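As C-alpha cells, the structure follows; a few thoughts come after it.
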DNA sequence: TATAGTTTGATAGTAATACTTTTATTTTTG
DNA sequence: CAAAAATAAAAGTATTACTATCAAACTATA
C-alpha cells in the first residue's frame, strides 16, 4: 500500500481551492502544517495568520490557495475520504464473496489510522483525528445545500453509496441499506470520539474496537 | 403532556450561565430569540450583538447572562435533552414490559418534534432543528474534557445511560449496549439531517422515519 | 542571458467579532 | 421612599477575516 499509493493523487473538486496546493511547494506546506496546526489547537482557533507564521509565509499568500479556512477543511476532509476510498477499492476488489468484501470494508472505514504511510506531506494519522473531531463542522452549515450542489461532498457520498451497494449485495431484502451505510461511517467517527472523551457512553476502548461493534451490528442485521 | 410540563423547570448546570435566564424577563427573551435567530441564520453567524438588536436590548446585557455564545448553545441543548428526558420518563414509567418500554423510548428519542407545546418562551420545534444542526458543535471542541468534568453534558449522558440500561433490561447478553444507545441518539440526529440535505445517503424520507429505521435496527440486534 | 510572466512577501487597511469597562438610567425590593 | 440591583448606552481593545497594493524573487522561454 505504501508504495502503490505513492504516486496517486487524490482528485479533489477544484472549486474548494483557488490554486491547487499540490501544484507548488508552498501549497504542500500549507496542507502539511494546517493538519498539524488544526490537530494541535482545534479548528475554531486555527487561523491563516497563525498558519502563515508557522510556515514562515504570509497570510495573504495562503489566501491565494484557499478562500477561507472552511474551504481548507473541505479540502482536507475530501482528501481523507478519497484516500479511504482508494484503500477500500484496493483491499476489496479482489474479494469475490460479498460478505467478506463488506467485512473488509467495515474494517477499513471504522479502524483508526495507525501509521503515516504514503503521502510525504500528509500525516494520515493526524488527519484521521481531524476528521473525527471536525468533519461534522464541514457540513453542519447554512451553506450545505449550495456546497453540496457544487459537489464538495461527492467523494464522501460516493463512499457511502459504495457501502450501501455492498450491503445490498449481501442482503437485498434489508430495508435500510443507505441509512445503515451512513450510520457506519458517521457512527464510527462518533464512537472514536466517545472512546477518547466520553468513555461511559461507549463500549469501545483499548480492547474493544468500533470495528468489532459495527461488524457485529451489520452482520446481525443483514444475516438473512 | 402540554399541561403536566407547564410548571416544570428543566434544571441546567448553573455553570453554563452567569445569571439564570429563567429568573427574569430579559433572560427569557434572550432564550426565546436566540432560538429564533440561531435557527434562522445558523450558529456561526449568530452574535450577541445581532441578538441584542432583535430583542431591543444591549449586547453587554446579554453578556451578563452568558459568557459567550458557546455557553448559550450548551444551555439550549441541555434544556432540549432535559425536556426529552422528561418526556421519556413520563411516557415510559408506567410501561412494565422492557421491550415496550424500549420501543417507546426509541420513538421519543428519534422522532422529530412536531408541535410547540409546553414552555411559553421556548419553541421546541425550532429547538429540535437547532439540536440536529448544531449539537455536535457543542462538544467537538478542544475544551470538551474540561467542560465534561464541569458537568456540562450530564443530562445528555444520563439520557444515553438510561437507554443503555433499557437495552440491558431487554437483552443482558448484548455486548455493546452503551455504543448502541449512543448510536441511536447521535444517529437519529444524523438521519434527520441527511433526510433534509443528503437524501441519497438515507432511506428516511416523508414515508420512512428514523424511528422505523432504529426500531428495526435495535430489535433485530437484541431479539435473543 | 535578457525579459516577461508568475508567484510570493510585506505592509497597510477595513469591517466585523468578541468581548470589557465605565457610567448613566431604570426597575425592583425591603 | 431609599438603597440595591439590573439594564442600557457608549466607548474601547484585541483579534479575526479578509482585501488591496506594490515590491521582490523566481521561472520559463525566446
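Residue numbers (my numbering), protein chains in the order written: chain D, 1 to 224; chain P, 225 to 448. We put the beta carbon where it would ideally sit given N, CA and C, even for glycine. From a predicted model like this one, the values you see are computed outputs, not experimental measurements.
Quiz item: Taking the alpha-carbon positions, what's the residue 285 of chain P to residue 249 of chain P distance?
Solution: Using only the alpha carbons, I get a separation of about 12 Å.
Self-check item: Distance, residue 186 of chain D Cα to residue 169 of chain D Cα
Solution: Residue 169 of chain D and residue 186 of chain D have their C-alpha atoms roughly 21 Å apart.
Practice problem: Let me know if residue 225 of chain P comes out buried or exposed under the rule of 16 or more other beta-carbons within 10 Å of its beta-carbon. | Solution: Low local confidence applies: a pLDDT of 48 at residue 225 of chain P is under 50, so the model's placement there is unreliable, with the coordinate-based value given in what follows. Burial call: exposed.
Quiz item: Out of curiosity, what's the CA-to-CA distance linking residue 138 of chain D and residue 176 of chain D?
Solution: Rounded to the nearest angstrom, the two C-alpha atoms are 25 Å apart.
Quiz item: Rounded to the nearest angstrom, how far is the Cβ of residue 422 of chain P from that of residue 357 of chain P, given a contact under 8 Å?
Solution: Contact doesn't hold; Cβ gap of about 13 Å is too wide.
Quiz item: Does the beta-carbon distance from residue 109 of chain D to residue 215 of chain D come in below 8 Å?
Solution: Their beta carbons are not under 8 Å apart, which means residue 109 of chain D does not touch residue 215 of chain D by this criterion.
Quiz item: So, is the C-beta of residue 375 of chain P closer than 8 Å to a C-beta in chain D?
Solution: Not closer than 8 Å to any Cβ of chain D, the Cβ of residue 375 of chain P fails to qualify, so no.
Self-check item: C-alpha distance - residue 316 of chain P paired with residue 213 of chain D, whole-angstrom precision
Solution: Approximately 28 Å between the Cα atoms of the pair.
Quiz item: Should residue 193 of chain P be flagged as near chain D, meaning a C-beta pair shorter than 8 Å?
Solution: Given that chain P is displayed from residue 225 to residue 448, the structure contains no residue 193 of chain P and the question cannot be resolved.
Quiz item: What did DSSP end up calling residue 140 of chain D once you bin it into helix, strand or coil?
Solution: Here residue 140 of chain D sits in coil by DSSP.
Exercise. Take every Cβ of the stretch 16-34 of chain D, pair it with every Cβ of the stretch 70-83 of chain D, and state whether three or more of those distances are shorter than 8 Å.
Key: Judged by pairs of C-beta atoms under 8 Å, the stretch 16-34 of chain D touches the stretch 70-83 of chain D, as three or more such pairs exist.
Quiz item: Do residue 274 of chain P and residue 261 of chain P have their C-beta atoms within less than 8 Å of each other?
Solution: Yes, they are a contact pair.
Self-check item: Contact list for residue 144 of chain D against chain P, beta-carbon separation under 7 Å
Solution: Simply 421.
Quiz item: Buried or exposed: residue 147 of chain D, going by 16 or more other Cβ atoms within 10 Å of its Cβ?
Solution: Taking all protein chains in view, the Cβ of residue 147 of chain D is crowded by 16 or more other Cβ atoms within 10 Å, so the residue is classified as buried.
Practice problem: With a threshold of 16 other CB atoms inside 10 Å of the CB of residue 412 of chain P, please say whether the residue is buried or exposed. | Solution: With 16 or more other Cβ atoms within 10 Å, it is buried.
Quiz item: From which residue to which residue does the alpha helix (DSSP H) around residue 197 of chain D run?
Solution: Where residue 197 of chain D is concerned, the enclosing alpha helix (DSSP H) starts and stops at 177-197.
Quiz item: Going straight from the alpha carbon of residue 182 of chain D to that of residue 426 of chain P, what length do you get?
Solution: Distance from the CA atom of residue 182 of chain D to the CA atom of residue 426 of chain P, rounded to whole angstroms, is 7 Å.
Exercise. Under 9 Å between beta-carbons, which chain P residues line up against residue 176 of chain D? List them in chain order, please.
Key: Those are 426, 427, 428, 432, 436, 437, 440 and 441, listed as they occur along chain P.
Quiz item: Counting pairs of beta carbons, one from the stretch 83-100 of chain D and one from the stretch 157-169 of chain D, are three or more of them closer than 8 Å?
Solution: The stretch 83-100 of chain D and the stretch 157-169 of chain D touch, with no fewer than 3 CB-CB distances between them shorter than 8 Å.
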